[in-house]
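**Student:**
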Amino acid sequence: MNRVLITSDTVGGIWQYTIELAAGLKRLGVEPIIAALGAPSPPGFLSIGNCSVFFFPCRLEWMQDPWEDVKRSGDWLLRLADHLKPDLVHINGYAHAARNFPVPVLVVGHSCVYSWYQAVRGRPPSARWEHYRQAVADGLKAARGVTAPTAAMLSSLAHHYGTFRRLEPIANGRRSASFPPAAKETLIFSAGRLWDEAKNIATLTQVAGGLAWPVVVAGEQTHPDGGKVHFRNVRLLGVLTQQQIAAWFARAAIYALPALYEPFGLTALEAGLAGCALVLGDIPSMRETWEGAALFVPPRRNDLLEAALNRLIDDERLRRSFARKARQKALAFTTEKMVRRYAKLYGQLLGEEEKEIIPWQPKIA
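Below you can see the structure in the form of structure tokens.
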């Protein structure tokens, strides 16, 4: 295994995940090439951490009316693969996996429209999303294998799009040195794409007035398709750099993310590394990742969210205990472990590993 082409959105946590993975692969002697799709960026070639990055401005498959752009970006990826000759293509998405790449394709499912709708709206999306559903199903079936950061996400994909070759989930990882703990302050922090209803930041802002501590929120307020969300009762910081967010994680005693839908939760991992006590939405993926190390609240219960936050505010001993548990669990989600597992999986998909790759099945409770 010498070279891998990795696609990535330039929106949200997938970009940070891709950069972290690519840098780790580079350290293992694998040459990663990042094909970044999404918001307009400097054209051509850039270098990030000695990794080659190519940008293609386009609408993404989960956006409104994207299919002309999906076709163009798929054509571009095929040309890129033909020119750069990777051994494997790692698709952080779905539709492009169905294109005729000359090498094996791995799909990693970070989220999807149908599972988002089911979790956030309580129903499937309208019939106009049928093209998307079919494109995702085709990509999943075409891939040599499919993984995701959690078993919950893999199960959601199978539920909504049918059968495909499921591989064991690979949890995301972050470098602990990037999120060092510090002396904690009496504040509650949250971060993410504020326009995304799945993050459920609105519920946090609704209860903020009943809390003794201030609530500080960071993230993008403007949706890629237009429109801007506005919140009251909290301090809005806007979009921050990774270093600025890490500084807020270090300061905050509590991190709150009452998510309705969060297939992994990279910000919760970062907050855990920084020693924040975690208050999270009680959903399968969060339970899978943080069981025993966070307070969980039903995402739509404002009263229980307020009670959980006030409980931690009032009980320093309990707050410190949950902070220790969160950090201990977070330290297990290392970049090195994530990278090693992807490198091993790449080798298995290419037939380089002696052990034959076995499709993964979830445990039945």
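Using this note's numbering, you'd call the opening residue of the sequence shown number 187 and step up by one each time.
Note that beta-carbon positions come from the ideal geometry of N, C-alpha and C, so glycine has one too.
Note that this is a predicted model, so its numbers are computed, not measured.
So what does DSSP say about H276, is it helix, strand or coil?
**Tutor:** Start at 1 with the first residue of the sequence shown, and residue 276 comes out as number 90. H276: strand per DSSP, three-state reduction.
**Student:** Considering just the uninterrupted stretch of the beta strand (DSSP E) at D195, what are its terminal residues?
**Tutor:** Counted from its first residue, the sequence shown places residue 195 at position 9. It spans 189-195 - the beta strand (DSSP E) in which D195 sits, taken as one unbroken run.
**Student:** To the nearest angstrom, how far is the alpha carbon of R319 from that of A329?
**Tutor:** As a position in the sequence shown, residue 319 is number 133, starting the count at 1. As a position in the sequence shown, residue 329 is number 143, starting the count at 1. When rounded, the distance between both Cα atoms is 16 Å.
**Student:** Measuring alpha carbon to alpha carbon, tell me which of I440, A512, D411, A225 ends up nearest Y375.
**Tutor:** Here residue 375 corresponds to residue number 189 of the sequence shown, with the count starting at 1. In the sequence as displayed, the identity of residue 375 is Phe instead of Tyr. Minimum Cα distance to F375 is reached at I440.
**Student:** Would H345 be called buried (16 or more neighbouring beta carbons within 10 Å of its own) or exposed?
**Tutor:** Locating residue 345 in the sequence shown gives position 159, where the first residue counts as 1. Exposed, since its Cβ has fewer than 16 Cβ neighbours within 10 Å.
**Student:** From the DSSP output, in three-state form, read off E217 for me.
**Tutor:** Working through the sequence shown from its first residue, we reach residue 217 at position 31. Three-state result, E217: strand.
**Student:** Is P243 helix, strand or coil when you go by DSSP?
**Tutor:** As a first step, residue 243 must be located in the sequence shown, where it is residue number 57. It is a strand residue.
**Student:** Extract the residue ranges of the alpha helix (DSSP H) inside the region 481-549, only unbroken runs of 4 or more that lie entirely within it.
**Tutor:** As far as the region 481-549 is concerned, its whole alpha helix (DSSP H) runs of at least 4 residues are 488-500, 502-516, 521-535.
**Student:** Would you tell me roughly how many angstroms separate the C-alpha atoms of P217 and K271, rounded to the nearest one?
**Tutor:** Within the sequence shown, numbered from 1, the residue matching residue 217 stands at position 31. Within the sequence shown, numbered from 1, the residue matching residue 271 stands at position 85. Note that residue 217 is Glu in the sequence shown, not Pro. If I take the Cα positions, the gap works out to 11 Å.
**Student:** Please classify K414: is it buried, with 16 or more other beta-carbons within 10 angstroms of its beta-carbon, or exposed?
**Tutor:** Here the question's residue 414 lines up with position 228 in the sequence shown. Classification for K414: exposed.
**Student:** Can you give me the Cβ contacts of F509 inside the same chain, cut-off strictly under 7 Å, excluding the 5 residues immediately before and after it?
**Tutor:** The sequence position of residue 509 within the sequence shown is 323, counting from 1. Before going on, a small fix: residue 509 reads as Ala here, not Phe. Cβ within range, chain order: G461, C462, A463.
**Student:** I'd like the list of long-range same chain contacts for Q202, defined as Cβ closer than 6 Å, with 5 residues on each side in sequence excluded.
**Tutor:** As a first step, residue 202 is located in the sequence shown; it is residue number 16 there, counting from the start. Same-chain partners within the cutoff: there are none.
**Student:** Hey, quick one: how far does the beta strand (DSSP E) through A374 stretch, first residue to last?
**Tutor:** Against the sequence shown, residue 374 aligns to sequence position 188. It should be noted that the sequence gives Ile, not Ala, for residue 374. First-last of the beta strand (DSSP E) with I374: 371-377.
**Student:** For G279, which option in A267, Q304, T333, N236 has the closest C-alpha, if you only look at C-alpha atoms?
**Tutor:** For the purposes of this step, residue 279 is identified with residue 93 of the sequence shown, where counting begins at 1. Looking at the Cα atoms, T333 is the closest of the given residues.
**Student:** Please tell me whether A321 and E254 are closer than 9 Å, where the distance is taken between their beta carbons.
**Tutor:** Residue numbering aside, residue 321 sits at position 135 when the sequence shown is read from its first letter. Residue numbering aside, residue 254 sits at position 68 when the sequence shown is read from its first letter. Not a contact, by the Cβ cut-off of 9 Å.
**Student:** Buried or exposed: which applies to R505, given that a residue is buried once 16 or more other Cβ atoms fall within 10 Å of its Cβ?
**Tutor:** Locating residue 505 in the sequence shown gives position 319, counting from the first residue. That one is buried.
**Student:** Using DSSP bridges, identify the partner residues of T333.
**Tutor:** Along the sequence shown, one-based indexing puts residue 333 at 147. Answer is V294, bridged to T333.
**Student:** Quick check: the region 338-355 against the region 488-497, are there 3 or more CB pairs under 8 Å?
**Tutor:** The region 338-355 is not in contact with the region 488-497.
**Student:** Taking the alpha-carbon of G325 as reference, which of H276, N286, H282 has the nearest alpha-carbon?
**Tutor:** One-based indexing of the sequence shown puts residue 325 at position 139. When each option's Cα is compared against that of G325, the closest is H282.
**Student:** On a Cα-Cα basis, can you pick out the residue from G405, G478, K523 that is closest to N386?
**Tutor:** If you number the sequence shown from 1, residue 386 lands on position 200. Here the closest residue by C-alpha is G405.
**Student:** What does DSSP give as the partner residues of Y441 in its beta bridges?
**Tutor:** Sequence index remark: in the sequence shown, residue 441 carries index 255 (1-based). Y441 is bridged to F375, L464.
**Student:** Cα-Cα, which of Q429, V525, L536 is closest to T204?
**Tutor:** For this step, residue 204 is matched to residue 18 along the sequence shown. Cα-wise, what sits closest to T204 is V525.
**Student:** Starting from the C-beta of M187, find all residues in its chain whose C-beta is less than 8 Å away, skip the five residues before and the five after it, and write them out in chain order.
**Tutor:** Against the sequence shown, residue 187 aligns to sequence position 1. Around M187: V216, D273, L274, A529, Y532, G533, L536, E538.
**Student:** Within 9 Å of any Cβ in chain B, is that where the Cβ of K515 sits?
**Tutor:** The chain labelled as chain B is not found in the depicted structure, where only one protein chain is given.
**Student:** Any heavy atom of the ligand HEM closer than 8 Å to the CB of G378?
**Tutor:** In the structure on display, the ligand HEM does not appear, and there are no ligands present to speak of.
**Student:** Using the C-alpha atoms, what's the distance from Q430 back to G424?
**Tutor:** In the sequence shown, residue 424 corresponds to position 238, counting from 1. In the sequence shown, residue 430 corresponds to position 244, counting from 1. Taking the straight line joining both Cα atoms gives about 11 Å.
**Student:** When the Cα of V402 is compared with those of R421, F519, L452, which residue comes out closest?
**Tutor:** Taking the first residue of the sequence shown as position 1, residue 402 is located at position 216. Ranking the options by Cα distance to V402, first place goes to R421.
**Student:** For T427, which three-state DSSP category applies?
**Tutor:** Within the sequence shown, the letter at position 241 stands for residue 427. DSSP places T427 in coil when its eight states are reduced to three.
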